[in-house]
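Trainee: Quick one: this structure, given as structure tokens, is what I'll be asking you about.
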Amino acid sequence: MIDLAKIGATLEGGVSRVVASEEDRLGRDLLRSWASPLTEDFHFDEVGNMFFCSLWFAARSSNYFNR
763 MIDLAKIGAT LEGGVSRVVA SEEDRLGRDL LRSWASPLTE DFHFDEVGNM FFCSLWFAAR
823 SSNYFNR
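In this text, residue positions in the sequence shown follow the working numbering: the first is 763, and each later residue adds one.
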């Protein structure tokens with residue numbers, strides 16, 4: 763999580779990753795790299811939020827992402 767917090771870090775101790783910015787892309791790429799060993803199933807909603815679920819959970823869930 764520290765690596766993710768460094769992407770877009772502000773001087774005030776916060777984080778700014780504006781949608782479609784380079785920081786946003788880097789943050790998403792990092793998150794996806796962490797999740798990729800667990801799943802290949804990534805979903806994006808209409809405003810760009812990324813969702814994913816482990817293959818183990820998806821195989822056991824009857825309502826996985828309301829499919």
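Note that the Cβ used here is the ideal one computed from N, Cα and C, for glycine as well.
Being a predicted model, the structure only gives us computed values, none of them experimental.
1) I'd like the list of long-range same chain contacts for Ala771, defined as Cβ closer than 7 Å, with 5 residues on each side in sequence excluded.
2) Between which two residues does the beta strand (DSSP E) harbouring Met812 extend?
3) Is the beta carbon of Asp786 sitting closer than 8 Å to the one on Arg779?
4) How about Leu788 and Thr801: are their beta carbons less than 8 Å apart?
5) Considering only residues of the same chain and omitting the five flanking positions on each side of Gly810, which have a CB-CB separation below 7 Å?
Mentor: Based on what the coordinates show:
1) Taking the first residue of the sequence shown as position 1, residue 771 is located at position 9. The answer, listed in chain order, is Val777.
2) Taking the sequence shown and counting its residues from 1, the one referred to as residue 812 is at position 50. Looking at the DSSP string, the run of the beta strand (DSSP E) that includes Met812 is 812–814.
3) For the purposes of this step, residue 786 is taken as residue 24 along the sequence shown, with counting starting at 1. For the purposes of this step, residue 779 is taken as residue 17 along the sequence shown, with counting starting at 1. In this structure, Arg779 lies closer than 8 Å to Asp786 by Cβ.
4) On the sequence shown, position 26 is the one that residue 788 refers to. On the sequence shown, position 39 is the one that residue 801 refers to. Their beta carbons are not under 8 Å apart, which means Leu788 does not touch Thr801 by this criterion.
5) Mapped onto the sequence shown, residue 810 falls at position 48. Result list for Gly810: Val781, in chain order.
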